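Shown next, in structure tokens, is the structure this report addresses.
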Amino acid sequence: MSEQTTIETLESRLRKLEDQLAIYQLVATYGPSVDSLSQEAVGSLWTEDGVYDAGGSTPMRGAAEIGDLVNGDLHRGYVAKGCAHVGSLPHLVIDGDTAVATNHTRVYTKNGDHWKVERASANRWELVRTSDGWRVKHRLNRPLDGTSDPRDILGRGVRG
362 MSEQTTIETL ESRLRKLEDQ LAIYQLVATY GPSVDSLSQE AVGSLWTEDG
412 VYDAGGSTPM RGAAEIGDLV NGDLHRGYVA KGCAHVGSLP HLVIDGDTAV
462 ATNHTRVYTK NGDHWKVERA SANRWELVRT SDGWRVKHRL NRPLDGTSDP
512 RDILGRGVRG
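Numbering follows my numbering, with no gaps: position 49 of the sequence shown is 410.
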């Protein structure tokens, strides 16, 4: 292997690792952002035309509308009780300037002296590389309620 080929191989491997780290950081930022009611931080995770489909209602569209989810009555009620949005480490498939992250999320709410799992969900994060780094283009979130939809989300993610 020539020195040039070795350098190109190392650069490629480094870029892939940097992409993985950036995507992990992006996905990990969601929970602390919504739990701290940081509207701008939440919105900044999405592209300007991004979509968040959490099921049960019309999907949120655009970074501003998605960031505004922290001002909704349901979300404010969770925060007022004490809550934590916690995600698992995502399974990643990166293909150039696009990626898919698949993970589980849980919403814990305070219940007396304890916390209970309010919601456990399957997630598909479709991401794109932008001039500002990786951003969410589309997030699909479905509760793990025994139906096939959340299982399909998880299965598609790990099958690529």
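Ideal placement from N, C-alpha and C gives every residue a C-beta, glycine not left out. Values in this document were obtained by computation on a predicted structure and should not be read as measured data.
| Item | Value |
| --- | --- |
| Scan the stretch 434-462 and note each continuous beta strand (DSSP E) run of 3 residues or more that stays entirely inside, going in chain order. | 444-448 and 452-456 |
| Based on DSSP bridge pairs, tell me the residues matched to Ala481. | Arg467 |
| Can you look up Asp510 in the DSSP assignment and give me helix, strand or coil? | helix |
| Within the same chain, show all residues whose beta-carbon is closer than 8 Å to that of Trp495, passing over the 5 residues directly before and after it, in chain order. | Asp380, Ala383, Ile384, Leu387, Ala460, Leu488 and Val489 |
| Kindly indicate which three-state DSSP category Pro420 falls into: helix, strand or coil? | coil |
| Identify, in the order they occur along the chain, each residue of the same chain with its Cβ nearer than 7 Å to the Cβ of Asp332, setting aside the five sequence neighbours on each side. | In the structure as shown, the chain starts at 362 and stops at 521, and residue 332 therefore has no counterpart that could be examined. |
| How many angstroms separate the CA atom of Gln375 from the CA atom of Ala402? | A small correction: the amino acid at residue 375 is Leu; Gln does not occupy that position in the sequence shown. So the alpha carbons of these two residues sit roughly 27 Å apart. |
| Could you tell me the alpha carbon to alpha carbon distance between Gln366 and Glu479, rounded to whole angstroms? | In the sequence under discussion, the amino acid at residue 366 is Thr, which differs from the Gln named in the question. Approximately 51 Å, taken between the alpha carbons. |
| Nearest to Arg520 by CA position, among Gly457, Gly417 and Thr463, is which residue? | Thr463 |
| May I ask you to report which of helix, strand or coil DSSP gives Gly411? | strand |
| Which value, in whole angstroms, describes the spacing of the CA atoms of Asp483 and Met362? | For clarity, residue 483 is Ala in the given sequence; the question names Asp instead. Spanning the two alpha carbons is a distance of roughly 43 Å. |
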